[in-house]
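Start counting the sequence shown at 934; every next residue gets the next number (this note's numbering). Beta carbons: idealized from backbone N, C-alpha and C, even for Gly. What you are looking at is a predicted structure, and each value in this text was computed from that prediction instead of being measured. This report refers to the structure that appears directly beneath it.
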Amino acid sequence: MKKNFLKWPISVISGILVIVFYCIFTFISLALFPPPYSPLDNWLSDLGNSTYSPNGAIFYNIGCILTGSALFPFYIGLYKWYTEKIWHKILVTLTQIVGVASGFALIMIGIFSEDFPQPHIFWSEVFFELNLLVLILAGISLLFHPDFIKIIAIYGFVVAVINLTFIFLVETPLLEWFTVFTALGYAGLIIYNMYLKMIP
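In structure tokens form, the structure reads like this:
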């Protein structure tokens, strides 16, 4: 039986846009980046550097702004995971607040690209730290929801460990790529869970 598109939760629709926006604009900018470019040597933000990539930088930066904007309704829509338990509702609410803040930080990364080193570094650090926090909060709060698939929550904790490693232990371009795309994968799994459990 087909799911009714009109009844899709806002987190499902906006979450799909998060993944689509980021991937499309990242790979357009990657295609326009003068070779050589390698995740082993280049940070994702290099794609938004107009000195390195005069033709492709604008696409990456627009992608960050659109992705960050789509994160707002994605996290706000997590109210669908509220339960009657006060502690659980508080955890989900904290996830929403931190998630929206991470979306704002991503927008600022797009506005202040590598062409503006100091604000770019600041907002990049803010984004990755907020992203780590939201992974932990989401994992804990959703793990205890009866309709949430537990293995997805466990995957979220694994992604959080990867994020933690990137922030505090090993800062390498490849690990940044891995951190970002595993986090997108986590968003995709949350979308899938909501699609299965919440759409008639």
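Within the same chain, show all residues whose beta-carbon is closer than 6 Å to that of residue 992, passing over the 5 residues directly before and after it, in chain order. Your numbering for residue 992 matches position 59 in the sequence shown. Only 958, 961, 962 meet the Cβ criterion.
How long is the line joining the alpha carbons of residue 1080 and residue 1070, rounded to whole angstroms? Locating residue 1080 in the sequence shown gives position 147, counting from the first residue. Locating residue 1070 in the sequence shown gives position 137, counting from the first residue. Their Cα atoms are separated by approximately 17 Å.
May I ask you to report which of helix, strand or coil DSSP gives residue 974? The residue you call residue 974 lines up with position 41 of the sequence shown. Residue 974 falls in the coil class under three-state DSSP.
N- and C-terminal bounds of the alpha helix (DSSP H) containing residue 1001: Start at 1 with the first residue of the sequence shown, and residue 1001 comes out as number 68. Counting along the chain, the alpha helix (DSSP H) containing residue 1001 begins and ends at 990-1009.
Out of curiosity, what's the CA-to-CA distance linking residue 1016 and residue 1010? The residue you call residue 1016 lines up with position 83 of the sequence shown. The residue you call residue 1010 lines up with position 77 of the sequence shown. Roughly 14 Å between the two C-alpha positions.
Which same chain residues end up closer than 6 Å to residue 950 when comparing Cβ atoms and leaving out the 5 residues on each side of it in sequence? Numbered from 1 along the sequence shown, position 17 holds the residue referred to as residue 950. Excluding sequence positions up to five before and after residue 950, its CB lies within less than 6 Å of the CB of 1003, all in the same chain and listed in chain order.
Complete runs of the alpha helix (DSSP H) confined to the stretch 1042-1130 [at least 4 residues]: Runs of the alpha helix (DSSP H) lying entirely within the stretch 1042-1130, each at least 4 residues long, are 1050-1076, 1083-1101 in chain order.
Cβ pair residue 1068, residue 1092 closer than 7 Å: Taking the sequence shown and counting its residues from 1, one reaches residue 1068 at position 135. Taking the sequence shown and counting its residues from 1, one reaches residue 1092 at position 159. By the CB criterion at 7 Å, residue 1068 and residue 1092 fall inside the cutoff.
Following the continuous alpha helix (DSSP H) through residue 965, name the residue where it begins and the one where it ends. Sequence index remark: in the sequence shown, residue 965 carries index 32 (1-based). In the DSSP assignment, residue 965 falls within the unbroken alpha helix (DSSP H) covering 943-965.
Spatial distance of residue 1061 from residue 1042 (CA atoms): Walking along the sequence shown from the start, residue 1061 turns up at place 128. Walking along the sequence shown from the start, residue 1042 turns up at place 109. One C-alpha to the other measures close to 11 Å.
Take every Cβ of the stretch 1089-1109, pair it with every Cβ of the stretch 1045-1054, and state whether three or more of those distances are shorter than 8 Å. Contact annotation: the stretch 1089-1109 does not touch the stretch 1045-1054, with fewer than three C-beta pairs closer than 8 Å.
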